[in-house]
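S.K.: Here the protein sequences line up with chains A and B, keeping their order. In this text, residue positions in the first sequence follow the numbering used here: the first is -16, and each later residue adds one. In this text, residue positions in the second sequence follow the numbering used here: the first is -16, and each later residue adds one. Glycine included, each C-beta is placed from N, C-alpha and C at the ideal position. Note that the coordinates shown come from a computational prediction; the quantities given were computed from them, not determined experimentally. Got a structure for you, written out below as structure tokens; questions coming shortly.
2 protein chains.
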Amino acid sequence: MTTRSYQRQDCPVAHALSVVGDQWTILIVRDVLGGPKRFDELQRGLGISRNLLSKRLKQMVEAGLLARRSLPNSRRFAYRLTPKALELRPAILALAEWGQNWRDQSGGTVVEITEKATGEQVGLRYCRLSDGREVQSDAISVQRLPENDSA
Amino acid sequence: MTTRSYQRQDCPVAHALSVVGDQWTILIVRDVLGGPKRFDELQRGLGISRNLLSKRLKQMVEAGLLARRSLPNSRRFAYRLTPKALELRPAILALAEWGQNWRDQSGGTVVEITEKATGEQVGLRYCRLSDGREVQSDAISVQRLPENDSA
DNA sequence: AGTATATAGTTTATTTTTTGAACTTAAAGA
DNA sequence: TCTTTAAGTTCAAAAAATAAACTATATACT
């Protein structure tokens, strides 16, 4: 969240981490993915210190990741995700899958992705954009290109 | 990398972040994805301070993310990725895509994924495990389940 | 009405990390 | 021989995170 030297790098990964790369931001998004949360809910659920949570929430609102709304008929507030933060879901699920696969002892909570309509299991895979067919991870190549920003 | 309070959480995301959630680890993996790197290459490329890089590299070797090998016929060393670190590629690419989509000014470097064989563009998508067909992101549901570790 | 509890933070002091810059050691090159 | 390169280490200063107590306001209980 704070300005780090690597923000000067022209790299989408470095840019993403400059926004969500701190110790807590991803975990806050993870919690709010489960529905809007109040300050104390987040604080208790995460075990983060209150002053840091306060600072992070402000920064995340500022960064356009969270919206702070007062709840109807009360003086309480809820934080909900913006579309920008919602789009972090693939990254978070990729981390979850890695965390599951490489944890020392088996057991513990597992994150499962299913298709709503059928209940079938779903995973993050590489797909050809043209036809949506899966491509094996060792059959892909990654390049960094300077974009000709004609957008 | 260091022990944080959220490591006590039973969550694959929190576990993943306890290993790769610090400010530099993901960027180091990103750089080494491009091939083995030496200490000074990493230091210059990242702009990280030398003592911190030294500490991170040790922790990453310890965590099984990097292997440190001496180069033939020289007293130099190269750090290369282990399979464990290689499997972070989907998470890193998901972050890259998000970073690209949500950066303020258009332009700058873009990460492009292609199929080696055909050169066709590829992206990370949700796929049904049964048949490998793509599922739209709003058609999925995410649950956290306690695993019955029969593994 | 008076007291207790809940919510959403703020304040302050301490500890831990990160940064930056200089230093070390050993080998290779000019 | 003198200089440069490589891979770190050491040390001091700055920044960030932690923990615990405190505040302010509003509702709930007795």
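Less than 8 Å separating the beta-carbons of B/L49 and B/R63?
M.R.: Locating residue 49 of chain B in the second sequence gives position 66, where the first residue counts as 1. Locating residue 63 of chain B in the second sequence gives position 80, where the first residue counts as 1. The answer is yes: Cβ separation under 8 Å.
S.K.: So B/R33 is in the alpha helix (DSSP H); what residue range does that whole segment cover?
M.R.: To locate residue 33 of chain B, count along the second sequence from 1; it is residue 50. That run of the alpha helix (DSSP H) goes R33 to E45.
S.K.: I'd like the span of the beta strand (DSSP E) that includes A/A100, first residue to last.
M.R.: On the first sequence, position 117 is the one that residue 100 of chain A refers to. Per DSSP, A/A100 belongs to no beta strand (DSSP E) and is neither H nor E.
S.K.: Hey, B/G106 and A/R116 are a contact pair by Cβ (cut 8 Å); roughly how many whole angstroms apart?
M.R.: Residue numbering aside, residue 106 of chain B sits at position 123 when the second sequence is read from its first letter. Residue numbering aside, residue 116 of chain A sits at position 133 when the first sequence is read from its first letter. About 12 Å separates the two Cβ atoms, so there is no contact after all.
S.K.: DSSP three-state label for B/E70, please.
M.R.: For the purposes of this step, residue 70 of chain B is identified with residue 87 of the second sequence, where counting begins at 1. Note: B/E70 maps to coil in three-state DSSP.
S.K.: When burial is assigned at 16 or more other CB atoms within 10 Å of the CB, is A/E45 buried or exposed?
M.R.: The residue labelled residue 45 of chain A in the question sits at position 62 within the first sequence. Residue burial annotation: A/E45 is exposed, with fewer than 16 other C-beta atoms found within 10 angstroms of its C-beta.
S.K.: If you measure beta-carbon to beta-carbon, which residues of the region 57 to 70 of chain A are closer than 8 Å to chain B?
M.R.: K67 and E70
S.K.: Shortest alpha-carbon distance to B/I130 belongs to which of A/G102, A/R33 and A/E95?
M.R.: Numbered from its first residue, the second sequence carries residue 130 of chain B at position 147. The amino acid occupying residue 130 of chain B in the given sequence is Glu; Ile does not appear at that position. When each option's Cα is compared against that of B/E130, the closest is A/E95.
S.K.: Are there 16 or more other CB atoms within 10 angstroms of the CB of B/R128, so buried, or fewer, so exposed?
M.R.: The residue labelled residue 128 of chain B in the question sits at position 145 within the second sequence. Sequence inspection shows Leu at residue 128 of chain B; the Arg mentioned does not correspond to that position. Result: exposed.
S.K.: What residues in the region 17 to 40 of chain B have a beta carbon less than 7 Å from any beta carbon of chain A?
M.R.: L29 and G30
S.K.: Looking at the C-beta of B/E103, does it have a partner C-beta in chain A at a distance below 8 Å?
M.R.: For the purposes of this step, residue 103 of chain B is taken as the residue at position 120 of the second sequence. B/E103 counts as touching chain A.
S.K.: Between the Cα of B/V118 and those of A/Q126, A/S113, A/A100 and A/A122, spot the shortest distance and give me the residue it belongs to.
M.R.: One-based indexing of the second sequence puts residue 118 of chain B at position 135. The shortest C-alpha separation from B/V118 is found at A/A100.
S.K.: Contact criterion: CB-CB distance below 8 Å. Does B/Q130 meet it with respect to chain A?
M.R.: By one-based count along the second sequence, residue 130 of chain B stands at place 147. The sequence as given places Glu at residue 130 of chain B; Gln does not occur at that position. With 8 Å as the cut-off, B/E130 counts as an interface residue toward chain A.
S.K.: Give a yes or no on contact between the region 10 to 18 of chain A and the region 7 to 17 of chain B, applying the rule of three or more CB pairs nearer than 8 Å.
M.R.: With a cut-off of 8 Å, the region 7 to 17 of chain B and the region 10 to 18 of chain A do not count as touching, because too few Cβ pairs lie within range.
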